[in-house]
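Under the working numbering, the first residue of the sequence shown is numbered 1445, with each subsequent residue one higher.
C-beta atoms are modelled at their ideal positions from N, C-alpha and C, and glycine is treated no differently.
A short worksheet on the structure shown next.
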Amino acid sequence: MDSVSVKTTTTLGSATILYKGTANDYYDFKTNGNLHYKLNTEEDILPYSILSNTWLLVDGDSAQIISLSNNRLHVYQKDVKNSTDYVETTAWFRR
1445 MDSVSVKTTT TLGSATILYK GTANDYYDFK TNGNLHYKLN TEEDILPYSI
1495 LSNTWLLVDG DSAQIISLSN NRLHVYQKDV KNSTDYVETT AWFRR
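Written out as structure tokens, the structure is:
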């Protein structure tokens, strides 16, 4: 895992948190439809499926595939809370 950017926007403004991955972080998309991951101190196994060439579903949440190559994946997700509040997550992965 390369990095994750989380931008939270509310009526009061916005704030962005950037997490740079470490050598111990990983995301492993298994062929059985399970995503095994470790991010900082959090570890889990979640179901995933590829909906199309441009959409990925992980544990019921959809994310747009911005780019995909043999060694890189870039995804984007926007979680809208209401008309003024939302969270945007952008993640970059590499092998």
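Original post:
Roughly how many angstroms lie between the CA atoms of N1526 and K1482, to the nearest whole one?
Top reply: In the sequence shown, counting from the first residue as 1, residue 1526 sits at position 82. In the sequence shown, counting from the first residue as 1, residue 1482 sits at position 38. Each residue's Cα considered, the two are about 30 Å apart.
**OP:** State the Cα-Cα distance for the pair D1446 and A1507, rounded to the nearest angstrom.
**Re:** Counting from 1 along the sequence shown, the entry for residue 1446 is found at position 2. Counting from 1 along the sequence shown, the entry for residue 1507 is found at position 63. When rounded, the distance between both Cα atoms is 17 Å.
**OP:** Using DSSP bridges, identify the partner residues of K1522.
**Re:** As a position in the sequence shown, residue 1522 is number 78, starting the count at 1. Per DSSP, E1532.
**OP:** Return yes when the C-beta of T1455 is under 7 Å from any heavy atom of the ligand PLP, and no when it is not.
**Re:** Here there are no bound small molecules, and the ligand PLP is not part of this structure.
Original post:
So N1515 and R1538 are in contact, right, with Cβ under 8 Å, and what is the actual spacing, rounded?
Top reply: In the sequence shown, residue 1515 corresponds to position 71, counting from 1. In the sequence shown, residue 1538 corresponds to position 94, counting from 1. Right, the Cβ-Cβ distance comes to about 6 Å (below 8 Å), so this counts as a contact.
Subject >> Sequence-distant residues of its chain with Cβ nearer than 6 Å to V1531 (five each side left out) >> reply: Residue 1531 sits at position 87 when you count from the first residue of the sequence shown. These residues qualify, in order along the chain: T1452, D1523.
Subject >> Residues near T1485 by beta carbon distance below 6 Å, same chain, minus five either side >> reply: Taking the sequence shown and counting its residues from 1, the one referred to as residue 1485 is at position 41. Around T1485: no qualifying Cβ.
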